[in-house]
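Participant:
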Amino acid sequence: MNLIRLGAALFALLAMSALAAETGSVIRAHGIKAEPFRDAKTIATLSVGDKVEIVKKDGGWLQIKSPKGKGWVHMLNVRKEGVRKDAGDMGGLLGLASGRAGTGKVVATTGIRGLDEVELKSAKYNETELNLVESYAVNRADAQLFAIRGQLVTRKFDYLPSPEVSPE
Amino acid sequence: MKAIMKYLLVAALTLACSAAWSFDFEEEFKKAIKDGVQQKIEEKSDAATSSALMGFVGISQEQEITIGRQIAGNLLGASALVKDRSLQIYVNNVGRWVASQGERPELAWHFGVIESSDVNAFAAPGGYIFLTRGLYSLLQNEAELAGVLGHEIGHVIRKHHLKILQQSSLVDLGGRLLSKQIGGSDKVQKLIGNGAEIVARSLDKNAEFEADRIAVVLAARAGYGAFALPEVLQQIGHFAKDDGSVALLFKTHPHPDDRLEKLGLAMSDRLEDVKGKTLVARFYRIKP
């Protein structure tokens with residue numbers, strides 16, 4: 024009986040996830056690219072406010088469908104809409120909807136409290152916990168080994184200038 | 004002429020008294036310029052400002068760590084560490100690797116995940132960085148963790164919280180305290196206010212935008228995808244404004260949509276074609 028109920032619940036959730044396609048709204052006019060990189064061919068141009076349906080992601084790129092065409096746009100040109108979290112425990116549902124079931128993603132867990140200003144102000148120094156966190160420290164050489172194990176390759180990049188060009 | 008002298012005097016006095024560089028002062032100063040005071044003061048101010056900055060830089064790294072340690076200890080008093088050693092070591096590995104890409108790679112960086120369902124992350128001077136279980140649970144992959152930690156690392160690199168301490172009236176006290184040997188934790192506590200309230204204070208919003216820009220660059224340098232932090236921001240932007248778990252984060256930071264817009268402007272085409280790793284398979288899933 025419980026199994027049936029669970030099955031029904033799962034079915035309902037999966038059905039919802041199928042319906043909950045992510046959509047977005049264009050916040051900067053830009054071209055739809057044939058492939059997920061900047062120099063790829065431009066298929067059509069989106070205007071601010073255009074609605075797009077997000078099919079999938081690749082790095083910073085989103086594959087989208089829109090009345091103007093299908094292709095790739097950069098995520099920073101689109102504000103995602105659709106799945107909106109309401110106060111409370113949508114964590115599990117969201118997890119399922121985006122294919123993250125079973126990832127241990129639990130947002131609202133009873134028994135774990137929040138952390139507000141009042142608590143922070145009245146916080147009392149905890150030496151034991153401080154020593155504990157310090158015991159987890161990883162040195163630079165070990166972090167490098169960790170990076171190598173993940174096949175992370177360093178690259179050179181300058182810091183980005185502030186977009187505020189004129190100070191006055 | 005008289006008016007100019009008056010402004011000069013006020014400017015000089017202000018600088019002498021505060022002995023600190025602050026955003027507030029800059030605002031005041033801009034107003035003064037608008038009021039008709041010319042180039043001369045500007046030059047004078049630059050010299051005075053940089054000498055104040057020198058004084059600021061004069062806080063030794065050791066002193067900075069002492070301050071950060073006190074704040075970290077207090078924060079941990081409010082929320083303890085998640086008791087999962089593998090998780091904590093994992094986060095330290097990622098954090099240390101990202102921090103190694105910045106200007107303070109030699110700092111003894113410390114990272115921790117703390118028990119709170121809130122979505123937030125905190126940085127204290129000297130390289131003490133914490134994120135909540137609530138935020139960690141939202142993350143999808145290692146690159147996103149790198150991006151979140153990169154933002155906090157940015158605050159530490161640019162000493163944003165130390166600057167806040169200086170802006171507040173605690174500066175004078177701090178200056179005197181720090182000029183001598185820092186003794187017990189009581190003195191440091193006086194400097195940082197109550198408990199860990201400093202981490203609940205809002206930084207200037209430009210400091211937040213700056214930390215975002217640093218985060219994407221450090222993540223990219225470290226070999227991760229540069230758009231992982233924007234992904235996290237998009238997700239956080241979906242929280243309802245009245246959701247308690249993001250209340251403090253939203254209060255102390257510009258809205259994620261604004262941060263994304265600013266990042267979009269700053270990144271423009273610079274990083275679009277950068278393909279980094281997300282390392283989703285290696286990402287440590289936190290136990291509920």
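Sequences listed follow chains A and B, in order. Going from the first sequence to the working numbering is simple: count from 1 and add 23. Going from the second sequence to the working numbering is simple: count from 1 and add 3. C-beta: ideal position from N, C-alpha, C; glycine also. No experiment lies behind these values; they were computed from the predicted model shown.
For the candidate residues Arg161(B), Gly115(B), Pro259(B), His158(B), whose alpha-carbon lies nearest to that of Val161(A)?
Facilitator: Position 138 of the first sequence, counted from the first residue, corresponds to residue 161(A). The shortest C-alpha separation from Val161(A) is found at Gly115(B).
Participant: Beta-carbon of Glu264(B) versus every beta-carbon of chain A: anything under 8 Å?
Facilitator: The residue labelled residue 264(B) in the question sits at position 261 within the second sequence. With 8 Å as the cut-off, Glu264(B) counts as an interface residue toward chain A.
Participant: Using a Cβ-Cβ distance under 8 Å, would Lys193(B) count as near chain E?
Facilitator: The displayed structure is made up of protein chains A and B, and chain E is not among them.
Participant: What's the C-alpha gap between Arg136(B) and Asp261(B)?
Facilitator: By 1-based counting over the second sequence, the position of residue 136(B) is 133. By 1-based counting over the second sequence, the position of residue 261(B) is 258. Looking at the two C-alpha atoms, the distance is approximately 24 Å.
Participant: Measuring CA to CA, which of Pro186(A), Glu157(A), Ala164(A), Ile87(A) is closest to Gly54(A)?
Facilitator: The residue labelled residue 54(A) in the question sits at position 31 within the first sequence. Residue Ile87(A) is the option with its Cα nearest to Gly54(A).
Participant: Tell me Gln192(B)'s beta-bridge partners as DSSP assigns them.
Facilitator: If you number the second sequence from 1, residue 192(B) lands on position 189. BP columns for Gln192(B) are empty, so no partner.
Participant: Throw me the rounded Cβ distance for the Ala222(B) and Ala214(B) pair, which I believe falls under 8 Å.
Facilitator: Numbered from 1 along the second sequence, position 219 holds the residue referred to as residue 222(B). Numbered from 1 along the second sequence, position 211 holds the residue referred to as residue 214(B). Wrong, their Cβ atoms sit about 12 Å apart, outside the cutoff.
Participant: If you check the beta carbons only, do Ala149(B) and Tyr227(B) fall under 8 Å apart?
Facilitator: The sequence position of residue 149(B) within the second sequence is 146, counting from 1. The sequence position of residue 227(B) within the second sequence is 224, counting from 1. Closer than 8 Å, so yes.
Participant: If you follow the beta strand (DSSP E) that Tyr131(B) is part of, which residue opens it and which one closes it?
Facilitator: Start at 1 with the first residue of the second sequence, and residue 131(B) comes out as number 128. Counting along the chain, the beta strand (DSSP E) containing Tyr131(B) begins and ends at 131-135.
Participant: Does DSSP put Leu183(A) in a helix, in a strand, or in coil?
Facilitator: Position 160 of the first sequence, counting from 1, holds the residue named residue 183(A). Coil, per DSSP.
Participant: Under 8 Å between C-beta atoms, does Pro186(A) make it to chain B?
Facilitator: By 1-based counting over the first sequence, the position of residue 186(A) is 163. Closer than 8 Å: yes.
Participant: Three or more C-beta pairs closer than 8 Å, one from the region 237-250 of chain B and one from the region 153-162 of chain B: is that the case here?
Facilitator: The region 237-250 of chain B is not in contact with the region 153-162 of chain B.
Participant: What residue range does the beta strand (DSSP E) around Glu275(B) cover?
Facilitator: Against the second sequence, residue 275(B) aligns to sequence position 272. Element bounds for Glu275(B): n/a, residue is neither H nor E.
Participant: Taking 8 Å as the CB-CB cut-off, is Ser189(A) touching chain B?
Facilitator: Your numbering for residue 189(A) matches position 166 in the first sequence. Bear in mind that a pLDDT of 42 at Ser189(A), under 50, signals an unreliable position, so the number given afterwards is only what the model happens to contain. It does not: the Cβ of Ser189(A) has no partner Cβ on chain B nearer than 8 Å.
Participant: Would you identify the three-state DSSP class for Glu109(B), choosing helix, strand or coil?
Facilitator: As a working mapping, residue 109(B) is identified with position 106 in the second sequence. Reduced to three states, the DSSP call for Glu109(B) is coil.
Participant: DSSP state of Leu138(B), grouped into three classes?
Facilitator: Counting from 1 along the second sequence, the entry for residue 138(B) is found at position 135. Three-state result, Leu138(B): helix.
Participant: With distances taken between CB atoms, is the gap from Arg273(B) to Leu183(A) smaller than 8 Å?
Facilitator: For this step, residue 273(B) is matched to residue 270 along the second sequence. For this step, residue 183(A) is matched to residue 160 along the first sequence. Yes, they are a contact pair.
Participant: For the region 60-80 of chain B, list every residue whose C-beta sits within 9 Å of some C-beta in chain A, in sequence order.
Facilitator: Flagged, chain order: Arg72, Gln73, Ala75, Gly76, Asn77, Leu78, Leu79, Gly80.
Participant: Which runs of the alpha helix (DSSP H), 4 residues or longer, sit entirely within the region 219-283 of chain B?
Facilitator: As far as the region 219-283 of chain B is concerned, its whole alpha helix (DSSP H) runs of at least 4 residues are 231-240, 250-255, 259-270.
Participant: Going along the region 213-236 of chain B in order, which residues come within less than 8 Å of chain A, judged by CB to CB distance?
Facilitator: The residues in question are Glu213, Arg216, Ile217, Val219, Val220, Ala223, Arg224, Ala225, Gly226, Tyr227, Gly228, Ala229, Phe230, Pro233, Glu234.
Participant: Going by C-alpha distance, which of Glu145(B), Val235(B), Ala210(B), Glu118(B) is nearest Lys1(B)?
Facilitator: With chain B covering 4 to 291 only, the question about residue 1(B) has no answer from this structure.
Participant: Starting from Val202(B), find everything on chain A with Cβ-Cβ shorter than 8 Å and list it in chain order.
Facilitator: By 1-based counting over the second sequence, the position of residue 202(B) is 199. Result: Leu143.
Participant: Taking Cβ positions, are Ser48(A) and Lys79(A) nearer each other than 8 Å?
Facilitator: Counting from 1 along the first sequence, the entry for residue 48(A) is found at position 25. Counting from 1 along the first sequence, the entry for residue 79(A) is found at position 56. Not closer than 8 Å, so no.
Participant: In three-state terms, what does DSSP make of Thr68(A)?
Facilitator: Taking the first residue of the first sequence as position 1, residue 68(A) is located at position 45. The answer is strand: DSSP assigns Thr68(A) an E or B state.
Participant: Looking at Ala81(B): is its Cβ nearer than 8 Å to the Cβ of Ala229(B)?
Facilitator: Reading the second sequence from its first residue, position 78 is the one you call residue 81(B). Reading the second sequence from its first residue, position 226 is the one you call residue 229(B). Cβ atoms of Ala81(B) and Ala229(B): not closer than 8 Å.
Participant: Starting from Lys278(B), find everything on chain A with Cβ-Cβ shorter than 7 Å and list it in chain order.
Facilitator: For the purposes of this step, residue 278(B) is taken as the residue at position 275 of the second sequence. Those within 7 Å of Lys278(B) in chain A are Gly82.
Participant: With Leu78(B) as the anchor, note down where its alpha helix (DSSP H) starts and where it stops.
Facilitator: The sequence position of residue 78(B) within the second sequence is 75, counting from 1. Note, Leu78(B): alpha helix (DSSP H), 64-81.
Participant: Do Pro128(B) and Glu211(B) count as a contact pair if the criterion is CB distance below 8 Å?
Facilitator: For the purposes of this step, residue 211(B) is taken as residue 208 along the second sequence, with counting starting at 1. For the purposes of this step, residue 128(B) is taken as residue 125 along the second sequence, with counting starting at 1. Going by C-beta atoms, Glu211(B) is not nearer than 8 Å to Pro128(B).
Participant: Have a look at Leu143(A), Ile66(A), Val71(A), Arg178(A) and flag the residue whose alpha-carbon is nearest the alpha-carbon of Ile50(A).
Facilitator: Reading the first sequence from its first residue, position 27 is the one you call residue 50(A). Comparing Cα positions, the closest option is Val71(A).
Participant: Between Asn77(B) and Ala146(A), which are expected to be in contact by the criterion C-beta below 8 Å, what is the C-beta distance as a whole number of angstroms?
Facilitator: Looking up residue 77(B) in the second sequence gives position 74. Looking up residue 146(A) in the first sequence gives position 123. Yes, they are in contact, since the Cβ atoms of Asn77(B) and Ala146(A) sit about 5 Å apart, within 8 Å.
Participant: So the beta strand (DSSP E) Gln86(A) belongs to, where does it begin and stop?
Facilitator: In the first sequence, counting from the first residue as 1, residue 86(A) sits at position 63. Counting along the chain, the beta strand (DSSP E) containing Gln86(A) begins and ends at 84-89.
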